[in-house]
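**Student:**
Residue numbers (our numbering), protein chains in the order written: chain A, 1056 to 1788; chain B, 323 to 476.
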């Protein structure tokens, strides 16, 4: 039923177009109606560009050599979508998987997220939002190929069947997709098409290896930073030490003396200004930057300071804020006797994303058009930003999506600051391609962090040991304030990206009051893989664990009893977790402890159990068992990988040096020395992942692994030491 | 500027660069071998790991002037080596990579480990791989791939 209504929706919103490729073969593209997406994501001023001037918009190209090239409307940066979306399309198409190639699509209307209305990787939506779209595309492509074969053989499509890129007809006739492609391109696009019954899937639901493994293992895969164009220059920028500061004076004599340096100039930034250095290669550019003598003007700018911010946040948390949820009786808490109340205050630091491939963008400006190469999670927004800087219509900006070495949200920035910087330099160097590189220092010190948060929670425990009243205050900068997304995320002054995981908790809490303060701070902030859930899951799952211990109940049983009956995914994952961890959970060696957590985010339910001991005063995770309910697991191997690795990403905020702090407006850490993400020793030794069998629509797996691990580990530590850990990063145990 | 004669993946290469230029940037920009990655520039992440004279080396902090005649092996050349090929194959077989950016360095570190310690324990793996950051967090599969490669190498 869902399939059919989604199909109708797709037909209402879009139409298919057929065109011939220059090299022959069949292109099919699906154009979405712009009106349908206008209310989501971006404001009218950021409306998508008109769809002209691009190469043929296309999803499928059957090449004469039999290779089937499928355009992926997403950035690939580790999450496996460059394999999974082609699987979905190829399955319905009955394409020979060994001949399928996934390509990252450039910026174009046709590749916009069907729900968000912009080209984006966000909200763990790559599969969730494009599953139906890619199934339809595959089925329609197949139908056209079959129609062409039936014509050729003087029969009807229902007399034909397809398998591995071949149409088989009556009397043993057969033709390959490559042979039929040209004829198929002339066939009308079917208005409706039958989709496979899940039992007919040949690829979806099968453990399928990534298409990009080998080139990532032999050094041949090109990331954005690896781009090399004839005559290309490399640029770095000296950014202000205080966010938004301006260059007062610069002495560039020594910098210009370095061989290979071509240009040094003050550059306008999104906020404040900096000094750009352009050179033939990276090393002279970086050497020259270190020799600049710059005086900065930070007049009138807040000099953010972490310790002052904690004091301010803590004070704010005791004052009334904007109400996110007022459920039940707000005064219920006060009627609960003091001994049955818990007051818990939590601190979460600024967190950098630090993708392993440093941020970079290459731009060439030719006066009336431009070309951009970027590993972008936000092609539509970044393309328009470059166009604005260069004074061009967006359709005059060809935007190539480059493979990216991680991102975690850092490549989806509403102000497109990296792309604007690159475009500003390219404008000055008209005709010359310029690659702007953010060094690791630029990245660690450059802002756009997961915001600092302070949570103050008062829980009143009922006679049954379950929470009877819960008052929850969160203080933190709004991620979306001052962006076009604010209307999408913020109601009554509450940015829902901060309250997700608390105000919409799946636990039954009769009297639940959640409110917020969004202070303004001179530090740019951004969504960090799993966004609000990074901190909300930690607070909820450590407190719930504390309540379970007070009630002397098993942590899994307690959660199952407290969850709403309709929280089906969490119930199923806890049930599966209980079974999957039965062998080890209650038979741990001396000095080890069990930690449990569960959390639903982006529609995916996750439950996690860890075996933890303390080694060298740090948590040592011997094992993690994870249960997942993500609806249909399109590629179970990829789901398993995302969860195995994603839990380590979630360990970031437990690292002793995992946060970023500010003093006098300046970031105190510089690189992977003062700030360290998890290394191999910090990760679980093994992670076994168990997927709940499901026929429900697929939900995301990019972000949901992150929230569960840090509360689970800390819950285990609490069992070992008797202490509760509420201040992150976890500096000492 | 000075001219250096380098032995890279068994081939003689000549470059004329500033003596302070790290080997990483000579490989990436002068020799156009971009498989070796820039991650931090301070030898704290291992993305730039190559073998110099058979030793796993952070190429981002080794000036080209310090290399001398020691042979350099990079991710582009490691597949010519039996251990190197086994490690690359194990990585593909175990579906280790995610974003993949750190994996050149991880593979180079793993090959160096297996050349010295053909049957590594978890402890050996943690020690040898301990300085290579994978931000995606593929560490459990890296462990498995190293053990699987070790089992393949005769």
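Beta carbons are placed, not taken as given, at the ideal position from N, Cα and C, and that holds for glycine. Just so you know, these numbers come straight off a predicted model, no measurement behind them.
For residue 1272 of chain A, return the contacting residues in chain B, with the cut-off set at a CB-CB distance below 7 Å.
**Tutor:** Ordered by position in chain B, the residues that pass the 7 Å Cβ test against residue 1272 of chain A are 410, 413, 414, 419, 425 and 429.
**Student:** Could you check the C-alpha separation between residue 398 of chain B and residue 1144 of chain A for me, to the nearest Å?
**Tutor:** Their Cα atoms are separated by approximately 33 Å.
**Student:** Taking residue 1788 of chain A and residue 1712 of chain A to be in contact with their CB atoms under 8 Å, please state how far apart those CB atoms are, rounded to whole angstroms.
**Tutor:** Actually they do not touch by this definition, with Cβ atoms about 15 Å apart.
**Student:** In the DSSP assignment, the beta strand (DSSP E) including residue 1348 of chain A goes from what residue to what residue?
**Tutor:** That run of the beta strand (DSSP E) goes 1348-1352.
**Student:** Ends of the beta strand (DSSP E) at residue 1323 of chain A?
**Tutor:** Its beta strand (DSSP E) spans residues 1316-1323.
**Student:** Report yes if the CB atom of residue 1332 of chain A is closer than 7 Å to the CB atom of residue 1344 of chain A, and no otherwise.
**Tutor:** Taking 7 Å as the Cβ cut-off, residue 1332 of chain A and residue 1344 of chain A qualify as a contacting pair.
**Student:** Can you check which of these residues, A:1644, A:1483 and A:1291, is closest to residue 1414 of chain A by C-alpha distance?
**Tutor:** With distances taken between Cα atoms, residue 1414 of chain A lies closest to A:1291.
**Student:** Hey, would you say residue 1411 of chain A sits closer than 7 Å to residue 452 of chain B, going by beta carbons?
**Tutor:** Not in contact: residue 1411 of chain A and residue 452 of chain B (Cβ atoms no closer than 7 Å).
**Student:** With H, G and I counted as helix, E and B as strand and the rest as coil, what does DSSP make of residue 1120 of chain A?
**Tutor:** In this structure, residue 1120 of chain A counts as coil in the three-state DSSP scheme.
**Student:** Considering residue 1137 of chain A, what are the terminal residues of the alpha helix (DSSP H) in which it resides?
**Tutor:** That run of the alpha helix (DSSP H) goes 1136-1148.
**Student:** Assuming residue 1785 of chain A and residue 1466 of chain A make a contact with CB atoms under 8 Å, what is their CB distance in whole Å?
**Tutor:** Not quite, the Cβ-Cβ distance comes to about 28 Å (not below 8 Å), so this is no contact.
**Student:** Quick one: grab the DSSP three-state call for residue 1611 of chain A.
**Tutor:** Helix, per DSSP.
**Student:** The alpha helix (DSSP H) spanning residue 1553 of chain A covers which residue range?
**Tutor:** Where residue 1553 of chain A is concerned, the enclosing alpha helix (DSSP H) stretches over 1551-1554.
**Student:** Roughly how many angstroms separate the alpha carbons of residue 450 of chain B and residue 1700 of chain A, rounded to a whole number?
**Tutor:** Using only the alpha carbons, I get a separation of about 19 Å.
**Student:** Considering residue 1743 of chain A, what are the terminal residues of the beta strand (DSSP E) in which it resides?
**Tutor:** Run containing residue 1743 of chain A: 1742-1746, per the beta strand (DSSP E) assignment.
**Student:** Could you say if the stretch 1711-1730 of chain A and the stretch 1143-1157 of chain A meet the contact criterion of at least three C-beta pairs nearer than 8 Å?
**Tutor:** Short answer: they don't touch.
**Student:** DSSP state of residue 1382 of chain A, grouped into three classes?
**Tutor:** In this structure, residue 1382 of chain A counts as strand in the three-state DSSP scheme.
**Student:** Using 8 Å for Cβ pairs, my map puts residue 1588 of chain A next to residue 1508 of chain A. What's the rounded Cβ distance?
**Tutor:** Not a contact, Cβ separation roughly 12 Å.
**Student:** The stretch 1308-1338 of chain A: which residues have C-beta closer than 9 Å to a C-beta of chain B, in chain order?
**Tutor:** For the stretch 1308-1338 of chain A, which is checked against every Cβ of chain B, the residues closer than 9 Å are 1313, 1314, 1315, 1335, 1336, 1337 and 1338.
**Student:** Can you tell which of A:1425, A:1271 and A:1482 has the C-alpha that lies nearest to the C-alpha of residue 1458 of chain A?
**Tutor:** It is A:1271 whose Cα lies nearest to the Cα of residue 1458 of chain A.
**Student:** Taking residue 464 of chain B as the query, report the chain A residues whose CB atoms sit under 8 Å from its CB, ordered along the chain.
**Tutor:** In chain order: 1735.
**Student:** Among the candidates A:1404, A:1594, A:1382 and A:1337, whose CA atom is the shortest distance from the CA of residue 1365 of chain A?
**Tutor:** With distances taken between Cα atoms, residue 1365 of chain A lies closest to A:1404.
**Student:** Do residue 1758 of chain A and residue 1585 of chain A have their CB atoms nearer than 7 Å?
**Tutor:** Their beta carbons are under 7 Å apart, which means residue 1758 of chain A touches residue 1585 of chain A by this criterion.
**Student:** Going by DSSP, name the residue or residues bridged to residue 1639 of chain A.
**Tutor:** Partner(s): none; residue 1639 of chain A has no beta bridge.
**Student:** Does the beta-carbon distance from residue 1452 of chain A to residue 1468 of chain A come in below 7 Å?
**Tutor:** The answer is no: Cβ separation not under 7 Å.
**Student:** What number of angstroms, rounded off, separates the C-alpha of residue 1778 of chain A from the C-alpha of residue 1279 of chain A?
**Tutor:** Distance between the alpha carbons of residue 1778 of chain A and residue 1279 of chain A is about 46 Å.
**Student:** For the beta strand (DSSP E) containing residue 1522 of chain A, list its first residue and its last residue.
**Tutor:** Note, residue 1522 of chain A: beta strand (DSSP E), 1522-1531.
**Student:** Under 7 Å between beta-carbons, which chain B residues line up against residue 1739 of chain A? List them in chain order, please.
**Tutor:** Simply 462.
**Student:** DSSP three-state call for residue 1784 of chain A: helix, strand or coil?
**Tutor:** Three-state DSSP puts residue 1784 of chain A in coil, outside helix and strand.
**Student:** Answer with yes or no whether the minimum CB distance from residue 1172 of chain A to chain B is below 7 Å.
**Tutor:** No, because no Cβ of chain B sits closer than 7 Å to the Cβ of residue 1172 of chain A.
**Student:** Could you give the DSSP three-state label for residue 1647 of chain A: helix, strand or coil?
**Tutor:** If DSSP states are grouped into helix, strand and coil, residue 1647 of chain A belongs with coil.
**Student:** Using the Cα positions of residue 1244 of chain A and residue 1195 of chain A, report the straight-line distance between them to the nearest angstrom.
**Tutor:** Each residue's Cα considered, the two are about 7 Å apart.
**Student:** Please go through the same chain and pick out, in chain order, the residues whose beta-carbon is closer than 6 Å to the beta-carbon of residue 1221 of chain A, but skip the five residues on each side of it.
**Tutor:** Answer for residue 1221 of chain A: 1229 and 1231, listed in chain order.
**Student:** For residue 1132 of chain A, go through chain B and note every residue whose CB falls closer than 7 Å to its CB, in chain order.
**Tutor:** Chain B residues near residue 1132 of chain A: 421.
**Student:** Count the other CB atoms, across all protein chains shown, that sit within 10 Å of the CB of residue 1760 of chain A; report buried if there are 16 or more and exposed otherwise.
**Tutor:** Buried, because 16 or more other Cβ atoms sit within 10 Å of the Cβ of residue 1760 of chain A.
**Student:** Given a cut-off of 7 Å, decide if residue 1342 of chain A and residue 1313 of chain A are closer than it, judged by their beta-carbon atoms.
**Tutor:** A contact, by the Cβ cut-off of 7 Å.
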